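**Student:**
Residue numbers (this note's numbering), protein chains in the order written: chain A, 1 to 355; chain B, 1 to 355.
#1: Using a Cβ-Cβ cut-off of 7 Å (strictly less than) and excluding sequence neighbours within five positions of residue 10 (chain B), which residues of its own chain qualify?
#2: So what's residue 109 (chain A) in DSSP terms, helix, strand or just coil?
#3: Would you give the residue range spanned by the alpha helix (DSSP H) that residue 169 (chain A) belongs to?
#4: Name the chain A residues whose beta carbon is nearer than 9 Å to that of residue 160 (chain B)?
#5: Please go through the segment 27-60 of chain B and give each complete alpha helix (DSSP H) segment of 4 or more residues, from N-terminal end onward.
#6: For the beta strand (DSSP E) that contains residue 189 (chain A), what are its first and last residues?
#7: Need the endpoints of the beta strand (DSSP E) that residue 115 (chain A) sits in, please.
#8: Since residue 254 (chain A) and residue 190 (chain A) should fall inside the 8 Å C-beta cutoff, what is the C-beta to C-beta distance between them, to a whole number of angstroms?
#9: Find the nearest neighbour of residue 292 (chain B) within the set A:51, A:71, A:227, A:128, judged by alpha-carbon distance.
#10: Is it the case that the Cβ atoms of residue 268 (chain B) and residue 173 (chain B) are separated by a distance below 7 Å?
#11: Mind checking if residue 183 (chain A) is an interface residue toward chain B, Cβ cutoff 7 Å exclusive?
#12: Please report whether the beta-carbon of residue 293 (chain B) lies at a distance below 7 Å from any beta-carbon of chain A.
#13: With H, G and I counted as helix, E and B as strand and the rest as coil, what does DSSP make of residue 124 (chain B)?
#14: Relative to chain B, which residues along the segment 200-220 of chain A have a C-beta separation below 9 Å, given in chain order?
#15: In the DSSP output, what is residue 180 (chain B) paired with across the bridge?
#16: I want to verify the contact list: residues of chain A whose CB lies under 8 Å from the CB of residue 303 (chain B), in sequence order.
#17: Contact defined as beta carbons within less than 8 Å: I believe residue 34 (chain B) pairs with residue 101 (chain B). What is the distance between those atoms, to the nearest angstrom?
#18: Quick one: is residue 86 (chain A) buried, meaning 16 or more other Cβ sit within 10 Å of its Cβ, or exposed?
#19: Comparing the C-beta of residue 311 (chain A) with each C-beta of chain B, is any distance below 7 Å?
#20: Going by DSSP, name the residue or residues bridged to residue 311 (chain B).
#21: Following the continuous alpha helix (DSSP H) through residue 225 (chain B), name the residue where it begins and the one where it ends.
#22: For residue 264 (chain B), which residues from the same chain have a beta carbon less than 6 Å from its beta carbon, with the 5 sequence-adjacent residues on both sides left out?
#23: Tell me which residues of the segment 219-235 of chain A have at least one Cβ-Cβ distance to chain B shorter than 8 Å, keeping chain order.
#24: Which of the three DSSP states, helix, strand or coil, is assigned to residue 144 (chain B)?
#25: What is the C-beta distance between residue 74 (chain B) and residue 48 (chain B), in whole angstroms, given that I count them as a contact (C-beta under 8 Å)?
#26: Does the beta carbon of residue 258 (chain B) sit closer than 7 Å to a beta carbon anywhere in chain A?
#27: Can you find a heavy atom of the ligand HEM that lies under 6 Å from the Cβ of residue 311 (chain B)?
#28: Please state whether DSSP places residue 349 (chain B) in a helix, a strand or coil.
#29: Which whole-angstrom value describes the C-beta separation of residue 160 (chain A) and residue 196 (chain A), a residue pair presumed to lie in contact below a C-beta threshold of 8 Å?
#30: Would you kindly check if the distance between the Cβ of residue 44 (chain A) and the Cβ of residue 94 (chain A) is under 7 Å?
#31: Let me check understanding here. Comparing Cα to Cα, which of B:58, B:115, B:236, B:213 lies closest to residue 147 (chain B)?
#32: Short check: CB of residue 192 (chain A) to CB of residue 207 (chain A), under 7 Å?
#33: How about residue 311 (chain A) and residue 336 (chain A): do their beta carbons lie closer than 7 Å?
#34: With distances taken between CB atoms, is the gap from residue 31 (chain A) to residue 84 (chain A) smaller than 7 Å?
#35: Let me see if you follow: with CB-CB separation under 7 Å, is residue 297 (chain B) close to chain A or not?
#36: Only counting runs of 3 or more residues, tell me where the beta strand (DSSP E) segments fall wholly within the segment 81-105 of chain A, in order along the chain.
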């Protein structure tokens with residue numbers, strides 16, 4: 001995928017502002033906080049792939065990486081430690097370091113007019129922070145705010161697939177069951193998966209039970225009957241779709257897959273659904289790829305999605321008379337579910353702002 | 001689990017006929033067709049565990065096992081080949097050899113008054129063949145028929161969990177997404193899984209794509225948008241629950257788990273659901289075990305279910321006002337999902353018949 005494709009998507013008319021905007025803009029000073037994490041590393045990879053207009057790149061991690069160097073697609077970079085007495089001067093910072101860093105550093109950057117794109121859940125429910133999947137609710141980027149939140153990886157997979165259907169048929173409710181990969185739990189998740197495969201120690205696993213040869217129906221903790229991950233899917237989907245009372249039933253499940261989240265979705269609509277029209281809308285929606293010929297083994301899988309920036313949709317079928325549609329979605333949780341979506345937000349913001 | 005428990009279940013009152021029946025009955029002549037398959041082997045194991053009253057045991061397989069011997073829990077057994085000119089004289093035969101053998105051999109046995117319990121899908125939709133999960137619809141065994149069908153493994157897992165809720169709150173519809181293990185595809189599925197782990201050839205895999213590190217949303221073939229497995233869940237659930245028009249939306253998915261099927265279910269009911277009552281009904285229902293304390297990692301998983309004869313239910317939570325309930329179910333697809341359920345049917349039939 002070249003840069004222009006990724007910005008414009010397939011349907012250029014939906015992105016008409018591009019015609020009035022110079023692109024690329026002048027290069028900017030970029031920071032990545034949490035660069036040693038799995039999403040941090042993926043951000044570097046995607047910024048390079050997308051030829052993001054970078055004037056200066058600085059990367060940050062926790063104190064245990066002090067005085068180390070990172071071999072990156074941009075050459076060897078010194079890893080810096082954030083210091084509240086010397087807030088770095090940046091135009092744009094990607095934060096992928098969890099909620100504690102988001103809380104303490106988000107506004108430090110924003111107060112200095114650094115655009116913040118945060119991957120943690122900390123800002124997602126804040127009314128001032130746009131929560132954006134660019135293909136879905138790009139207009140929410142028309143904000144004077146400096147803090148933007150990147151949605152949860154499962155949320156992105158679900159909402160990206162439902163949006164074209166909602167636009168046409170008006171979503172009434174949906175039920176989803178997820179099949180989420182271990183890399184959604186970060187490097188610790190990947191390490192636990194690899195340790196279990198090789199038969200070594202399970203001491204540091206972030207999972208409550210063995211994950212190889214198993215599935216675990218509980219992601220993120222919670223004192224309630226609903227897991228944290230399920231709460232995120234519910235509240236974020238409602239916010240992104242501007243449907244604050246949308247009924248959502250979701251079960252979030254970890255599966256022994258390295259990378260790639262999948263979701264079985266059954267949705268109900270207010271208008272009668274035409275199956276061919278639904279497939280046509282999905283096929284032409286920016287960032288979505290329809291793979292739907294199951295008797296020839298053509299359906300989305302996490303293996304097919306891994307390493308791509310697309311949301312793959314298949315198994316599209318009518319039910320509940322013509323008011324329901326079931327579908328199956330897979331996407332790379334580190335790319336479209338995280339780093340690629342964050343870079344897309346950055347690309348859109350650059351087009352909107354002067355530096 | 002001792003034999004009486006497995007027959008009587010937890011709620012003895014529901015099995016009152018036992019008081020009028022001598023148990024165990026006199027030993028019978030038993031056959032297993034398809035003994036070299038994965039369910040055939042599990043049948044031998046469970047017949048032994050259950051101290052099934054066997055007078056004579058004969059085992060059958062396809063021609064490629066001719067003149068071989070099987071090391072079984074009942075000692076070394078000669079493997080026989082079925083011959084239409086010499087139909088074996090048996091009181092009871094378990095058939096676990098696919099639809100073609102069921103079609104050609106089911107009535108040959110039945111005409112000779114041999115009770116047939118068939119594991120394939122061939123008889124399941126036949127109106128004359130009771131399709132039975134003993135804890136759910138035992139009364140369907142009150143039949144003069146000789147052919148009985150064992151339901152699909154995913155169907156058993158789902159319907160066993162829904163039955164106590166349906167009895168109290170009246171099921172209106174349900175949506176299910178399955179997480180089905182490779183042993184559901186038989187020995188070939190297990191071999192493909194083990195070959196992929198060890199990195200050897202994938203030539204004979206029954207799966208349309210790699211299964212290790214992947215999930216595959218298509219089980220059984222079909223020319224339609226709905227897979228064969230999904231059609232089975234829909235038609236069998238309706239038959240077992242005697243709800244011929246029950247709306248069911250299901251997505252059947254293969255996951256890299258050796259043994260143990262799991263299902264995320266969201267159900268709607270006609271009556272208002274009381275959560276505590278729902279949990280109480282599940283906890284005391286025969287064959288069901290409630291594991292529902294997720295913050296302490298207490299939820300069903302296929303690893304917990306493997307090797308047991310129970311249907312484990314957890315993650316029980318209200319939604320859709322009080323008309324909806326979501327839950328998560330795991331059970332051993334080779335045991336409660338197949339061989340154990342078949343042996344339970346046989347136990348019940350023995351109590352009903354004279355030999």
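The beta-carbon is built from N, C-alpha and C at its ideal position, and this holds for glycine as well.
All figures in this text were calculated on a predicted structure; none of them were measured in a lab.
**Tutor:** Let me lay it out:
#1: In the second chain, the residue the question calls residue 10 (chain B) occupies position 10. Since pLDDT at residue 10 (chain B) reaches only 36, below the 50 mark, its modelled position is unreliable, and no value is offered.
#2: Residue numbering aside, residue 109 (chain A) sits at position 109 when the first chain is read from its first letter. Reduced to three states, the DSSP call for residue 109 (chain A) is helix.
#3: Indexing the first chain from 1 puts residue 169 (chain A) at position 169. Counting along the chain, the alpha helix (DSSP H) containing residue 169 (chain A) begins and ends at 153-169.
#4: For the purposes of this step, residue 160 (chain B) is taken as residue 160 along the second chain, with counting starting at 1. Near residue 160 (chain B) there are no residues of chain A at all, since even the closest Cβ is about 17 Å away, more than 9 Å.
#5: 38-49
#6: Here the question's residue 189 (chain A) lines up with position 189 in the first chain. Residue 189 (chain A) -> not in any beta strand (DSSP E); alpha helix (DSSP H) instead, spanning 186-198.
#7: Locating residue 115 (chain A) in the first chain gives position 115, counting from the first residue. That run of the beta strand (DSSP E) goes 115-118.
#8: Working through the first chain from its first residue, we reach residue 254 (chain A) at position 254. Working through the first chain from its first residue, we reach residue 190 (chain A) at position 190. Actually they do not touch by this definition, with Cβ atoms about 12 Å apart.
#9: Reading the second chain from its first residue, position 292 is the one you call residue 292 (chain B). Among A:51, A:71, A:227, A:128, the Cα nearest to that of residue 292 (chain B) belongs to A:227.
#10: For the purposes of this step, residue 268 (chain B) is taken as the residue at position 268 of the second chain. For the purposes of this step, residue 173 (chain B) is taken as the residue at position 173 of the second chain. Contact flag set, yes.
#11: Reading the first chain from its first residue, position 183 is the one you call residue 183 (chain A). It does not; no Cβ of chain B falls within 7 Å.
#12: Position 293 of the second chain holds residue 293 (chain B). With 7 Å as the cut-off, residue 293 (chain B) does not count as an interface residue toward chain A.
#13: Residue 124 (chain B) sits at position 124 when you count from the first residue of the second chain. Reduced to three states, the DSSP call for residue 124 (chain B) is coil.
#14: 208, 209, 210, 212, 213, 214, 215, 216, 217, 218
#15: The count along the second chain starts at 1 and reaches residue 180 (chain B) at position 180. According to DSSP, which records beta bridges pairwise, residue 180 (chain B) is partnered with B:254.
#16: In the second chain, counting from the first residue as 1, residue 303 (chain B) sits at position 303. Chain A residues near residue 303 (chain B): 209, 210, 213, 214.
#17: Here residue 34 (chain B) is taken as the residue at index 34 of the second chain, counted from 1. Here residue 101 (chain B) is taken as the residue at index 101 of the second chain, counted from 1. Between residue 101 (chain B) and residue 34 (chain B) the Cβ distance is about 7 Å, and since that is below 8 Å, they are a contact.
#18: As a first step, residue 86 (chain A) is located in the first chain; it is residue number 86 there, counting from the start. Answer is exposed; the Cβ neighbour count stays below 16.
#19: Locating residue 311 (chain A) in the first chain gives position 311, where the first residue counts as 1. Cβ-Cβ to chain B under 7 Å: no for residue 311 (chain A).
#20: Taking the second chain and counting its residues from 1, the one referred to as residue 311 (chain B) is at position 311. Bridge partners of residue 311 (chain B): B:288, B:331.
#21: Along the second chain, one-based indexing puts residue 225 (chain B) at 225. Taken as a continuous stretch (DSSP letters only), residue 225 (chain B) belongs to no alpha helix (DSSP H), as it is neither H nor E.
#22: As a working mapping, residue 264 (chain B) is identified with position 264 in the second chain. The answer, listed in chain order, is 177, 328.
#23: 221, 222, 223, 225, 226, 227
#24: Your numbering for residue 144 (chain B) matches position 144 in the second chain. It is coil, neither helix nor strand.
#25: As a working mapping, residue 74 (chain B) is identified with position 74 in the second chain. As a working mapping, residue 48 (chain B) is identified with position 48 in the second chain. With a Cβ gap of about 7 Å, residue 74 (chain B) and residue 48 (chain B) count as contacting.
#26: One-based indexing of the second chain puts residue 258 (chain B) at position 258. Yes, because at least one Cβ of chain A sits closer than 7 Å to the Cβ of residue 258 (chain B).
#27: Looking at this structure, you won't find the ligand HEM or any other ligand, since it has none at all.
#28: Looking up residue 349 (chain B) in the second chain gives position 349. Note: residue 349 (chain B) maps to helix in three-state DSSP.
#29: On the first chain, residue 160 (chain A) is found 160 positions in, with the first residue counted as 1. On the first chain, residue 196 (chain A) is found 196 positions in, with the first residue counted as 1. Residue 160 (chain A) to residue 196 (chain A), Cβ: 31 Å. No contact.
#30: Residue mapping note: residue 94 (chain A) aligns to position 94 of the first chain, counting from 1. Residue mapping note: residue 44 (chain A) aligns to position 44 of the first chain, counting from 1. No, they are not a contact pair.
#31: Locating residue 147 (chain B) in the second chain gives position 147, counting from the first residue. Taking only the C-alpha atoms, the option nearest residue 147 (chain B) is B:115.
#32: Here residue 192 (chain A) refers to the residue found at position 192 of the first chain. Here residue 207 (chain A) refers to the residue found at position 207 of the first chain. It is a contact, given that the beta carbons lie within the stated cut-off.
#33: To locate residue 311 (chain A), count along the first chain from 1; it is residue 311. To locate residue 336 (chain A), count along the first chain from 1; it is residue 336. In contact: residue 311 (chain A) and residue 336 (chain A) (Cβ atoms closer than 7 Å).
#34: Here residue 31 (chain A) refers to the residue found at position 31 of the first chain. Here residue 84 (chain A) refers to the residue found at position 84 of the first chain. Cβ distance not < 7 Å, so residue 31 (chain A) and residue 84 (chain A) don't count as in contact.
#35: Along the second chain, read from residue 1 onward, the residue named residue 297 (chain B) stands at position 297. Closer than 7 Å: yes.
#36: 92-95
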